[in-house]
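So the protein sequences, as listed, match chains A and B.
According to my numbering, the stretch in the first sequence is residues 14 to 483, in order.
According to my numbering, the stretch in the second sequence is residues 9 to 447, in order.
Where a beta carbon is used, it is the ideal one built from N, C-alpha and C, also for glycine.
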Amino acid sequence: MNNRLYGNLIFELSKPGRKGYSLPKNRYGNYDIPAAMQRQEAAQLPECDEPTVVRHYTNLSTNNFGVDNGFYPLGSCTMKYNPKINEEMAALPQFANLHPLQPAHTTRGAQAVSTLLKKSLCELTGLADFTLKPFAGAHGELTGLMVIRGYHQSRGDEARTKVIVPDSAHGTNPASAAVCGLEILEVKSTADGLVSLPDLQELIAQHGPSIAAMMMTNPNTLGLFERDIPAIAKMIHDCGGLMYYDGANLNPLLGACRPGDMGFDVMHINLHKTFSTPHGGGGPGSGPVGVRKGLEPFLPYVSPYTSGNFAVVMRAYSYILSLGREHIKEVGPLATLNANYIKECLKDVYELPIDGLCKHEFVFDGLKDKSTGVTTMDVAKRLLDYGYHAPTIYFPLLFHESLMIEPTENESKDTIDSFISVMRQIAEEAKTNPDLVKSAPHNTPIGRVDDVQAAKHPITTYQQMIADKS
Amino acid sequence: MNYKFFPHTQDDLQAMMEKVGVQNLDDLFAEVPDAVRFHGEYQLPEQMSELEVRQLFEQLGAQNQQLVCFGGAGVYDHYMPAVIPNLLSRSEYLTSYTPYQAEISQGTLHYIFEYQSMMAELTGMDISNASMYDGTTAAAEAVMMAVAAGKKQNTVLISETIDPKTLKVIQTYAHFHGIQLEMIQQEDGITSLTHLQSLLSQHKGSVAGVLVQQPNYYGIVEDYTGFADAVHEEKGLFMMDCIAADLAVLKTPGEWGADIAVGDGQSLGIPMQFGGPYVGYMCCTEKLIRKMPGRIVGMTSDNRGQRAFVLTLQAREQHIRRQKATSNICSNQSLMALFVTIYMSLMGKEGLREAAQLSYAGAHYLCDRLLASGHFTLVYQQPFFNEFVVRYDGDLDALLQKLEANGIFGGVKIADDQLMIAVTEKRTKEEIDKLISLL
Numbered sequence: 014m015n016n017r018l019y020g021n022l023i024f025e026l027s028k029p030g031r032k033g034y035s036l037p038k039n040r041y042g043n044y045d046i047p048a049a050m051q052r053q054e055a056a057q058l059p060e061c062d063e064p065t066v067v068r069h070y071t072n073l074s075t076n077n078f079g080v081d082n083g084f085y086p087l088g089s090c091t092m093k094y095n096p097k098i099n100e101e102m103a104a105l106p107q108f109a110n111l112h113p114l115q116p117a118h119t120t121r122g123a124q125a126v127s128t129l130l131k132k133s134l135c136e137l138t139g140l141a142d143f144t145l146k147p148f149a150g151a152h153g154e155l156t157g158l159m160v161i162r163g164y165h166q167s168r169g170d171e172a173r174t175k176v177i178v179p180d181s182a183h184g185t186n187p188a189s190a191a192v193c194g195l196e197i198l199e200v201k202s203t204a205d206g207l208v209s210l211p212d213l214q215e216l217i218a219q220h221g222p223s224i225a226a227m228m229m230t231n232p233n234t235l236g237l238f239e240r241d242i243p244a245i246a247k248m249i250h251d252c253g254g255l256m257y258y259d260g261a262n263l264n265p266l267l268g269a270c271r272p273g274d275m276g277f278d279v280m281h282i283n284l285h286k287t288f289s290t291p292h293g294g295g296g297p298g299s300g301p302v303g304v305r306k307g308l309e310p311f312l313p314y315v316s317p318y319t320s321g322n323f324a325v326v327m328r329a330y331s332y333i334l335s336l337g338r339e340h341i342k343e344v345g346p347l348a349t350l351n352a353n354y355i356k357e358c359l360k361d362v363y364e365l366p367i368d369g370l371c372k373h374e375f376v377f378d379g380l381k382d383k384s385t386g387v388t389t390m391d392v393a394k395r396l397l398d399y400g401y402h403a404p405t406i407y408f409p410l411l412f413h414e415s416l417m418i419e420p421t422e423n424e425s426k427d428t429i430d431s432f433i434s435v436m437r438q439i440a441e442e443a444k445t446n447p448d449l450v451k452s453a454p455h456n457t458p459i460g461r462v463d464d465v466q467a468a469k470h471p472i473t474t475y476q477q478m479i480a481d482k483s
Numbered sequence: 009m010n011y012k013f014f015p016h017t018q019d020d021l022q023a024m025m026e027k028v029g030v031q032n033l034d035d036l037f038a039e040v041p042d043a044v045r046f047h048g049e050y051q052l053p054e055q056m057s058e059l060e061v062r063q064l065f066e067q068l069g070a071q072n073q074q075l076v077c078f079g080g081a082g083v084y085d086h087y088m089p090a091v092i093p094n095l096l097s098r099s100e101y102l103t104s105y106t107p108y109q110a111e112i113s114q115g116t117l118h119y120i121f122e123y124q125s126m127m128a129e130l131t132g133m134d135i136s137n138a139s140m141y142d143g144t145t146a147a148a149e150a151v152m153m154a155v156a157a158g159k160k161q162n163t164v165l166i167s168e169t170i171d172p173k174t175l176k177v178i179q180t181y182a183h184f185h186g187i188q189l190e191m192i193q194q195e196d197g198i199t200s201l202t203h204l205q206s207l208l209s210q211h212k213g214s215v216a217g218v219l220v221q222q223p224n225y226y227g228i229v230e231d232y233t234g235f236a237d238a239v240h241e242e243k244g245l246f247m248m249d250c251i252a253a254d255l256a257v258l259k260t261p262g263e264w265g266a267d268i269a270v271g272d273g274q275s276l277g278i279p280m281q282f283g284g285p286y287v288g289y290m291c292c293t294e295k296l297i298r299k300m301p302g303r304i305v306g307m308t309s310d311n312r313g314q315r316a317f318v319l320t321l322q323a324r325e326q327h328i329r330r331q332k333a334t335s336n337i338c339s340n341q342s343l344m345a346l347f348v349t350i351y352m353s354l355m356g357k358e359g360l361r362e363a364a365q366l367s368y369a370g371a372h373y374l375c376d377r378l379l380a381s382g383h384f385t386l387v388y389q390q391p392f393f394n395e396f397v398v399r400y401d402g403d404l405d406a407l408l409q410k411l412e413a414n415g416i417f418g419g420v421k422i423a424d425d426q427l428m429i430a431v432t433e434k435r436t437k438e439e440i441d442k443l444i445s446l447l
């Protein structure tokens, strides 16, 4: 690609006197901003003409890899296809130009979209109500835990400050609990990769009256369905706690199960995963929170406007309408089939620590043949050379060489077969030419980066970069 | 299974199921207890063709009223240059994930580095993170950051002139995080330094930080002389919540001696879109870099000796710290950060100032006309930027209805007789004159 030719910072393309904007003339007369209000020196923003700006950001984009470029089997991230119609609907001026504080009767259409989406989410999850306020999955987790804590506090049950989290949980679970002022109790996984009931029993015996909730994702981060969920939910409910469902892994359940039916009381959904809204390089997302009947009053004020990231809400509803009741139920089974097929086709060369049916994703513990010294990191980097995004690596923390693969329902057998043959090829290269794999990637705009240098001597702005040079 | 987003043919399905060892797709869920299996039909609409989807949204869109916007209160109707939606729709940006694999994510990492540089310039601070959800949650994160940075200090003082919506979000976070909040009183629309000083001595040793807003909720440009010194004397952090675009002209948080600057970047051309997505920003002094929540991109080099960008200082982040984390943020608002980066690249040093000057002039022109009508008075006798609060001597609801009937959203009503009005560079003189003619 073109890192060498077009790798400049926009600041390095700036020349005094260039401009990339046009504004109407000031026809208001003499209203000058008083000098006393003003900053002493103008912000040193770039001065560029419009073509330069367009060329810069167009070329930069070609150093990126998105779902539209190719297969993106990033586990737990559900990198599904982002339908183009959703983008157009979200940008419709009849919605995009609405001020959130306009009188309610002037925004009826927008409110209808939010209400319809909430209704759909209730139907798909078996919960009673949703708030669209949370801006992301992690924000949703925090919101959901606030609901739970608020519920306990309302009953004068101030002692319930502990949250049980499986050792395989997403890193955000314990972090969200901590931010919500809750303490973590970690429950261990069995050799089968599922929540250990004896261990859970012991935690409950020890901490029962102080347990606020248990947070789970099901299927869990190993892609395994927690089949004891009815028993787990009962144990937690019996000790007075609530069940929280981390919706990061909701995709395989479309058409198969509903969190509400599994005994969960509160959950969040990542619209940017299950409901196909684009990840945008890390955001904006949307993390609606659903609650069982009776918990609605505890939904907290975590952002100002009732529709949250409304343009994301628009996309998600457009997706639901496109699929309809007929096809939305096919999402889970197809995603699950794709994952199991990859697993079965590769488990002879990659270490599969827990055999059996997985759901939308599964985890290898690196290459089967560990003698070559080729690590999961190396495999991931070599995949980039072949035009694939890498799977999620070194998560979950249960294994040393975790390689977590999630194909989604949108990938064809052809794409998957090519991926499988490349994965096998890499396993072969690890034996015949390990250095080739260890020094990968070779075909990308840049090679492996020096993370240590970046952290030891942080340069995070252009200004620091200039100061550092001189 | 025959559907436009699903590539599986019958033969594919058959071959794959065979490999997996199942007879049908239902068998893939064999381990799921029947009690929790969903066997019914979802009560959802039937699938729609793309044309039908479009028609439905257009019908719903027609139920919204397109109004000329004089509302603000934290969300402003600025102009979005045509370049931005065009570039933002590039799939390479739109459909990528967080830039974990630096080798194929230089596009994202590169623009975030530019974004951080621009935000640091705009706020006059040393550094910036890679962006946050929005301004209100950024402020709440700043409050938690101040407490985490403090030595057992658990109280944060907040000015009464802050946007009440921001305050409510902070109150939610503070309640669950166990942070004590105290309000600094206002006098005629500005934060009382005297009251701040008395609160600081009253809560001696326990104040982690002080948060004020600029321009404040009422659009007033406050004079924060002496604030940073007073706060620093008590070993607290001085935090400012500022409307991003206005900082192109106004004295910066850096100049006021702030330790943390936060706010919303929506004013940098982002459409109002009924509440979001926008973009929050957070900047701070270099000293606080390891306390700052959120993603940070740093410069480094690759093994070919090229300049490269990478997510850095991740040891601060939730996925490493887990329950020791002081923030649970694990993403940024990347695409919106790209939005404002392109906006600032186009507008540059002069354009942002010129737009701010236009907004300022338009607001003052409108204010003068309103006062001249004899029906309005300024609620606060203070300097304002592009937003101001007036008192109306008639029936305010009737007036707003009349404006609305003529296609105008006249402003945000903040009391029975008080209207808060904002003007941006997007409002034309004709629109303002029309509003005046309807009084």
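Q. Cβ of Glu395(B) less than 8 Å from any chain A Cβ?
A. The sequence position of residue 395(B) within the second sequence is 387, counting from 1. Not one chain A Cβ lies under 8 Å of Glu395(B).
Q | 6 Å CB neighbourhood of Val397(B) in its chain, flanking five on each side removed | A | One-based indexing of the second sequence puts residue 397(B) at position 389. Counting only Cβ-Cβ distances below 6 Å, and skipping sequence neighbours, we find Tyr226, Val387, Gln426, Met428.
Q.
So if DSSP puts Arg315(B) in a beta bridge, which residue, or which two residues, is it bridged to?
A. What you label residue 315(B) is simply residue 307 of the second sequence in a count that begins at 1. Looking at the DSSP assignment, Arg315(B) forms a beta bridge with Ser309(B).
Q. Excluding five sequence neighbours on each side, which residues of the same chain lie with their C-beta closer than 6 Å to the C-beta of Leu114(A)?
A. Locating residue 114(A) in the first sequence gives position 101, where the first residue counts as 1. The answer is none, since no qualifying residue turns up.
Q: Tell me Ala5(B)'s beta-bridge partners as DSSP assigns them.
A: Lying before the first or after the last residue shown, residue 5(B) is absent from chain B, which here runs from 9 to 447.
Q.
For a cutoff of 8 Å on Cβ pairs, would you count Ser309(B) as touching chain A?
A. Residue numbering aside, residue 309(B) sits at position 301 when the second sequence is read from its first letter. True, the Cβ-Cβ gap to chain A drops below 8 Å.
Q) When you compare only the Cα positions, how much space is there between Arg52(A) and Val287(B)? A) Looking up residue 52(A) in the first sequence gives position 39. Looking up residue 287(B) in the second sequence gives position 279. Looking at the two C-alpha atoms, the distance is approximately 23 Å.
Q: Write down every uninterrupted run of the alpha helix (DSSP H) in the stretch 132 to 180 of chain A whose length is 4 residues or greater and which is fully enclosed by it, in chain order.
A: If we require 4 residues or more, the alpha helix (DSSP H) runs fully inside the stretch 132 to 180 of chain A come out as 150 to 167.
**Q.** Contacts around Asp170(A), its chain only, beta-carbon distance under 8 Å, and the 5 residues preceding and following it disregarded
**A.** The sequence position of residue 170(A) within the first sequence is 157, counting from 1. Once the five neighbours on either side are set aside, the close Cβ partners of Asp170(A) are Gly253.
Q: Let me know the alpha helix (DSSP H) ranges lying completely inside the stretch 168 to 201 of chain B, each 4 residues or longer, listed in chain order.
A: 172 to 185
Q: Report yes if the C-beta distance between Gly82(B) and Gly29(B) is below 8 Å; otherwise report no.
A: Taking the first residue of the second sequence as 1, we reach residue 82(B) at position 74. Taking the first residue of the second sequence as 1, we reach residue 29(B) at position 21. Cβ distance not < 8 Å, so Gly82(B) and Gly29(B) don't count as in contact.
Q. Who are the Cβ neighbours of Leu155(A) in its own chain at under 8 Å, not counting the five residues just before and after it?
A. Counting from 1 along the first sequence, the entry for residue 155(A) is found at position 142. So the list reads Pro147, Ser189, Val192, Cys193, Val315, once near-sequence residues are dropped.
(Q) Cutting at 6 Å between CB atoms, please list the residues of its own chain near Leu366(B), excluding the five before and the five after it. (A) On the second sequence, residue 366(B) is found 358 positions in, with the first residue counted as 1. Glu433.
Q. Is the beta carbon of Tyr318(A) within less than 7 Å of some heavy atom of the ligand FMN?
A. Looking for the ligand FMN in the displayed structure turns up nothing, as the structure carries no ligands at all.
Q: Rounded to whole angstroms, what's the CA-CA distance from Leu296(B) to Asn43(A)? Just pull it up for me.
A: Counting from 1 along the second sequence, the entry for residue 296(B) is found at position 288. Counting from 1 along the first sequence, the entry for residue 43(A) is found at position 30. Cα to Cα, Leu296(B) sits roughly 42 Å from Asn43(A).
Q | Residue environment, Met191(B), which counts as buried when at least 16 other CB atoms sit within 10 Å | A | As a working note, residue 191(B) is residue 183 in the second sequence. By the neighbour-count rule (16 or more Cβ atoms within 10 Å), Met191(B) is not buried but exposed.
Q: Compute the beta-carbon to beta-carbon distance between Ser331(A) and Ile46(A), rounded to the nearest angstrom, for a pair I have assumed lies under 8 Å.
A: Along the first sequence, one-based indexing puts residue 331(A) at 318. Along the first sequence, one-based indexing puts residue 46(A) at 33. With a Cβ gap of about 43 Å, Ser331(A) and Ile46(A) do not count as contacting.
**Q.** Continuous alpha helix (DSSP H) stretch holding Ser434(A): start and end
**A.** Against the first sequence, residue 434(A) aligns to sequence position 421. Counting along the chain, the alpha helix (DSSP H) containing Ser434(A) begins and ends at 426 to 445.
Q. Can a CB atom of chain B be found closer than 8 Å to the CB of Arg173(A)?
A. By 1-based counting over the first sequence, the position of residue 173(A) is 160. So, not an interface residue.
Q: Give the DSSP-derived three-state secondary structure of Ala226(A) in the structure shown.
A: Here the question's residue 226(A) lines up with position 213 in the first sequence. Strand.
Q. How about Phe377(A) and Glu364(A): are their beta carbons less than 8 Å apart?
A. Position 364 of the first sequence, counting from 1, holds the residue named residue 377(A). Position 351 of the first sequence, counting from 1, holds the residue named residue 364(A). Closer than 8 Å, so yes.
Q. Hey, out of Leu446(B), Ala371(B), Met300(B), whose CA is closest to Val155(B)'s CA?
A. Here residue 155(B) refers to the residue found at position 147 when the second sequence is read from its first residue. Comparing Cα-Cα distances from Val155(B) to each of Leu446(B), Ala371(B), Met300(B), the minimum goes to Met300(B).
Q | Listed by chain order, chain B residues near Met275(A) by CB distance under 8 Å | A | In the first sequence, residue 275(A) corresponds to position 262, counting from 1. Val44, listed in chain order.
Q | Where the alpha helix (DSSP H) containing Gln124(B) begins and where it ends | A | Numbered from its first residue, the second sequence carries residue 124(B) at position 116. Run containing Gln124(B): 114 to 131, per the alpha helix (DSSP H) assignment.
Q: Would you list, in chain order, the members of the stretch 440 to 464 of chain A that have their beta-carbon closer than 8 Å to a beta-carbon of chain B?
A: Ser452, Pro454, Thr457, Pro458, Ile459, Gly460, Arg461, Val462, Asp463, Asp464
(Q) For His183(A), which residues in the same chain have their Cβ closer than 8 Å to its Cβ, ignoring the five residues on either side in sequence? (A) Residue mapping note: residue 183(A) aligns to position 170 of the first sequence, counting from 1. The residues Ser89, Thr230, Thr234, Asp259, Ala261, in chain order, have a CB closer than 8 Å to that of His183(A) in the same chain once the five nearest residues on each side in sequence are set aside.
**Q.** Runs of alpha helix (DSSP H) lying entirely within the stretch 42 to 128 of chain A, each at least 4 residues, in chain order
**A.** 63 to 74, 97 to 103, 106 to 109
Q.
Distance cutoff 8 Å, beta carbons only. Does Met56(B) sit that close to anything in chain A?
A. Position 48 of the second sequence holds residue 56(B). Among the CB atoms of chain A, one or more fall inside 8 Å of the CB of Met56(B).
(Q) Does Leu258(B) come out as helix, strand or coil in the three-state DSSP assignment? (A) One-based indexing of the second sequence puts residue 258(B) at position 250. Leu258(B) falls in the strand class under three-state DSSP.
Q) Which residues of chain A have a Cβ atom closer than 8 Å to the Cβ of Val177(B), listed in chain order? A) For the purposes of this step, residue 177(B) is taken as residue 169 along the second sequence, with counting starting at 1. Per Cβ cutoff of 8 Å: Tyr314, Val315, Ser316, Pro317.
Q. Lys426(A) touches chain B at which residues, Cβ-Cβ below 9 Å?
A. Locating residue 426(A) in the first sequence gives position 413, where the first residue counts as 1. Going along chain B in sequence order, the residues near Lys426(A) (Cβ under 9 Å) are Pro15, His16, Thr17, Asp19, Asp20, Leu21, Ala23, Met24.
(Q) One question on the structure: do Asp463(A) and Thr308(B) come within less than 8 Å of each other, judged by their Cβ atoms? (A) By 1-based counting over the first sequence, the position of residue 463(A) is 450. By 1-based counting over the second sequence, the position of residue 308(B) is 300. Contact: yes.
Q. Beta-carbon of Ser74(A) versus every beta-carbon of chain B: anything under 8 Å?
A. The residue you call residue 74(A) lines up with position 61 of the first sequence. With 8 Å as the cut-off, Ser74(A) counts as an interface residue toward chain B.
Q: Find the residues of chain B that neighbour Ser320(A), judging by a C-beta separation of less than 7 Å, and give them in chain order.
A: Numbered from its first residue, the first sequence carries residue 320(A) at position 307. Ser320(A) reaches chain B at Phe282, Gly283, counting residues in chain order whose Cβ is nearer than 7 Å.
Q | Alpha-carbon spacing of Leu64(B) relative to Phe408(A), whole angstroms | A | Start at 1 with the first residue of the second sequence, and residue 64(B) comes out as number 56. Start at 1 with the first residue of the first sequence, and residue 408(A) comes out as number 395. Going by the C-alpha atoms only, they are around 42 Å apart.
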